[in-house]
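In short: position in the sequence shown from 1, add 765, done, that's my numbering. Notes for the one structure printed next.
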Amino acid sequence: MENKILYELPMFSALLSVSPEVEFKGRDVNITLRGYDDDDNFYIVILKFYGVFEFRKTYSHFANHGKAYDRVLEIINSDRLQQLKLNNRQLFNVLQNSSTPLRHFNLLLDSYDTYNIICSGFEVIDDGFG
């Protein structure tokens, strides 16, 4: 199992001005974060996860963070992906051989939550000043 950093938040999650907003749209999930960096610049960041198969939220104090606060990680060959493969090998193989295979993403927010998302893709929709 390997972790790959895909994105680092421009602000500290400990300085979010409001709790993260999680919005489910069909099989997509948007997580909106609003907060400040150490220079008091205000940011709004929207993280979009496409084709979500599994969405798990855990209180950050119970998460295995590996010092990855305020980052989106891709967990390569995660234990959870392997479990999904065992649960339905035929469907898993079809998905993995498609143009959008399943991937495991992790977002850990200090003093908030950890999100583990199994889906087909991720992108940052907005990463600018509010």
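We treat Cβ as the ideally placed atom computed from N, Cα and C, and that holds for glycine. All figures in this text were calculated on a predicted structure; none of them were measured in a lab.
Express the C-alpha separation of residue j and residue i in angstroms, rounding to a whole number.
{"i": "glycine 893", "j": "asparagine 852", "result": "40 Å"}
{"i": "aspartate 835", "j": "valine 810", "result": "12 Å"}
{"i": "tyrosine 877", "j": "asparagine 768", "result": "21 Å"}
{"i": "leucine 849", "j": "valine 794", "result": "20 Å"}
{"i": "aspartate 891", "j": "leucine 812", "result": "8 Å"}
{"i": "threonine 879", "j": "proline 866", "result": "23 Å"}
{"i": "phenylalanine 814", "j": "phenylalanine 887", "result": "5 Å"}
Mind checking which residues open and close the alpha helix (DSSP H) that includes residue i?
{"i": "phenylalanine 857", "result": "854-861"}
Which residues bound the beta strand (DSSP E) around residue i?
{"i": "tyrosine 772", "result": "767-773"}
Would you mind sorting residue i into buried or exposed? The rule is 16 or more other CB atoms within 10 Å of its CB.
{"i": "asparagine 858", "result": "exposed"}
{"i": "valine 837", "result": "buried"}
Given a cut-off of 8 Å, decide if residue j and residue i are closer than it, judged by their beta-carbon atoms.
{"i": "arginine 792", "j": "glycine 816", "result": "yes"}
{"i": "isoleucine 841", "j": "asparagine 871", "result": "no"}
Counting only beta-carbon atoms, is residue i nearer than 8 Å to chain B?
{"i": "tyrosine 877", "result": "No chain B is part of this structure, which consists of one protein chain only."}
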